[in-house]
Amino acid sequence: MYPAERHAAILAAAHAQAGDVGVQELSEALGVTPETVRRDLGTLERRGLVRRRHGGAVLVPRAPFEPTLEQRGLAEADERRSVADVVVAELPDEGVLLLDSGSMTLEIAAVLAAGRRSLVVVTNSLPVAALLAPHPTVTVLALPGSVRAVTDAVVGPWTERRLAELHADVAVLGANGVVAGEGAFTTLPDEAAVKQRMIAAASRRILAVTATKFGTRSLCRFAGLDRFDLVVTDARLDPATAEAVGADGPVVVRAPVLTHP
Numbered sequence: 028m029y030p031a032e033r034h035a036a037i038l039a040a041a042h043a044q045a046g047d048v049g050v051q052e053l054s055e056a057l058g059v060t061p062e063t064v065r066r067d068l069g070t071l072e073r074r075g076l077v078r079r080r081h082g083g084a085v086l087v088p089r090a091p092f093e094p095t096l097e098q099r100g101l102a103e104a105d106e107r108r109s110v111a112d113v114v115v116a117e118l119p120d121e122g123v124l125l126l127d128s129g130s131m132t133l134e135i136a137a138v139l140a141a142g143r144r145s146l147v148v149v150t151n152s153l154p155v156a157a158l159l160a161p162h163p164t165v166t167v168l169a170l171p172g173s174v175r176a177v178t179d180a181v182v183g184p185w186t187e188r189r190l191a192e193l194h195a196d197v198a199v200l201g202a203n204g205v206v207a208g209e210g211a212f213t214t215l216p217d218e219a220a221v222k223q224r225m226i227a228a229a230s231r232r233i234l235a236v237t238a239t240k241f242g243t244r245s246l247c248r249f250a251g252l253d254r255f256d257l258v259v260t261d262a263r264l265d266p267a268t269a270e271a272v273g274a275d276g277p278v279v280v281r282a283p284v285l286t287h288p
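Residue numbering for the sequence shown follows our numbering, beginning at 28 and increasing consecutively.
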């Protein structure tokens, strides 16, 4: 087999085995030496397709390019809630909060809605604005701009110009992917530009993501991890990745597992 054929066979085997393959089994299946398999896995790792482990490799998770807000809301509900609880505990009782769009920030808004904080919340998320608008102690400012049907997020030049005029105490952002040593990623340039403006407008920046986002890239890198003061994720993130992210500058907090009565 040519190297490209082996690479394709390795990836096919990984997909067939829940993303996890071993060197010895690949060696036997492909009829090559374990050393050849290790070289192939090294090549695939450099291409960002697998992550090496002792004795084999696992596929790097790849989410759909841009799932809808509804699709995102159906997955990882407990993990998002555990992250949201930690993020809300980090927010001031009073002040100005910039709240990004997405399923994670919508979960954070739901936790805020259950409390009594006196905040001004500036957001580019229509669902967040609708959720918090009736709250008696929260003042909601919805950013102007073009509404994206997939995410219900407001983006574009109007959004960016308004953010350039603002200052917030805290900005809380989500991401579609996070890679240690590289940064945080999102799907489209318009989304990236709004996130960058939010980061620039805030005194303190918090990145809130579930553990499955780590090791995943999307189209647009919108910030290095050194731009964040705090990264909050769930308990599934492995200690080695948490340490690597922390080496970029932010404090990394893994939220405890959510328990149900």
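Idealized CB from N, CA, C, for every residue including glycine.
Since this is a predicted model, take the numbers as computed values, not measurements.
In this structure, DSSP gives V113 a helical state, which the three-state scheme calls helix. If the five residues before and after G46 are omitted, its C-beta is found closer than 6 Å to the C-beta atoms of V85 and L86, all from its own chain and listed in chain order.
The continuous beta strand (DSSP E) containing T166 extends over residues T166 to A169.
Three or more Cβ pairs closer than 8 Å define a contact, and the stretch 251-266 meets that threshold against the stretch 221-238.
A residue is called buried when at least 16 other Cβ atoms come within 10 angstroms of its Cβ; S152 meets this threshold and is buried. D256 is positioned such that its CB atom lies closer than 8 Å to that of P277. For G83, the enclosing beta strand (DSSP E) covers residues G83 to L86. The residue from S145, T178, S54 and T150 with its alpha-carbon nearest to that of T213 is T178. In the DSSP annotation of this structure, the continuous segment of the alpha helix (DSSP H) that includes A228 starts and ends at P216 to A228. Collapsing the DSSP output to three states places V59 in coil. For M225 and A198, the gap between their C-alpha atoms comes out near 6 Å. Shown here, T237 sits in coil according to DSSP, grouped into three states, outside any helix or strand.
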